[in-house]
Amino acid sequence: MIFEHRTYTVHHGRMEDYLERYERQALPIQLRHLGRLLGFFVSEIGPLNQVVHIWVYDSLADRERRRAAMEADPAWDAFKRGNRGTFAAQEVKVMVGARFNPDHV
Numbered sequence: 019m020i021f022e023h024r025t026y027t028v029h030h031g032r033m034e035d036y037l038e039r040y041e042r043q044a045l046p047i048q049l050r051h052l053g054r055l056l057g058f059f060v061s062e063i064g065p066l067n068q069v070v071h072i073w074v075y076d077s078l079a080d081r082e083r084r085r086a087a088m089e090a091d092p093a094w095d096a097f098k099r100g101n102r103g104t105f106a107a108q109e110v111k112v113m114v115g116a117r118f119n120p121d122h123v
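For the sequence shown, the numbering used here begins at 19 and goes up steadily by one.
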């Protein structure tokens with residue numbers, strides 16, 4: 019099992035617009051293609067204007083297959099076009115659980 023940890027820094031003043039657009043347009047597409055969302059978080063203390071989402075995949079091959087299907091979806095392309103200029107920075111990490119990581123995630 020692998021975990022994709024995505025951190026996006028949203029330009030100041032654009033968070034509410036982004037969250038509304040993401041929930042309405044992007045989330046349904048991602049849930050259809052990517053499957054298992056472990057969590058979606060907004061920073062409260064520390065670096066501000068950040069969102070983090072964590073997705074769970076069976077393997078890197080599973081991730082690649084699912085993301086390729088999403089990238090081929092015209093609705094995803096439309097979301098990306100409308101989302102241009104929203105982020106100041108993006109960071110993606112692919113992580114594996116430690117040997118004692120709970121199995122229930």
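Each residue gets a CB set at the ideal place from its N, CA and C atoms; glycine is no exception.
Measure the beta-carbon distance from residue i to residue j and round it to whole angstroms, keeping in mind my assumption that it falls under 8 Å.
{"i": "L52", "j": "W73", "result": "5 Å"}
{"i": "Q68", "j": "Y26", "result": "7 Å"}
{"i": "L49", "j": "L56", "result": "Not confirmed; about 12 Å, so no contact."}
Express the C-alpha separation of residue j and residue i in angstroms, rounding to a whole number.
{"i": "A107", "j": "R32", "result": "13 Å"}
{"i": "D80", "j": "I47", "result": "17 Å"}
{"i": "E34", "j": "D121", "result": "34 Å"}
{"i": "M90", "j": "E22", "result": "The residue you asked about is not Met; residue 90 is Ala in the sequence shown. When rounded, the distance between both Cα atoms is 20 Å."}
{"i": "L78", "j": "V114", "result": "10 Å"}
{"i": "R102", "j": "E82", "result": "23 Å"}
{"i": "P65", "j": "H30", "result": "12 Å"}
{"i": "E38", "j": "D95", "result": "18 Å"}
{"i": "A87", "j": "N119", "result": "29 Å"}
Considering only the beta carbon of each residue, do residue i and residue j sit closer than 7 Å?
{"i": "R24", "j": "H71", "result": "yes"}
{"i": "I20", "j": "V110", "result": "no"}
Identify, in the order they occur along the chain, each residue of the same chain with its Cβ nearer than 8 Å to the Cβ of residue i, setting aside the five sequence neighbours on each side.
{"i": "R84", "result": "H51, L52, G53 and Y75"}
{"i": "I63", "result": "none"}
{"i": "A125", "result": "Because the chain here runs from 19 to 123, residue 125 falls outside it and cannot be looked at."}
Identify, in the order they occur along the chain, each residue of the same chain with its Cβ nearer than 7 Å to the Cβ of residue i, setting aside the five sequence neighbours on each side.
{"i": "Y36", "result": "V28 and T104"}
Heavy atom of the ligand MN less than 6 Å from the Cβ of residue i, yes or no?
{"i": "N119", "result": "Ligands displayed in this structure: none; no statement on the ligand MN is therefore possible."}
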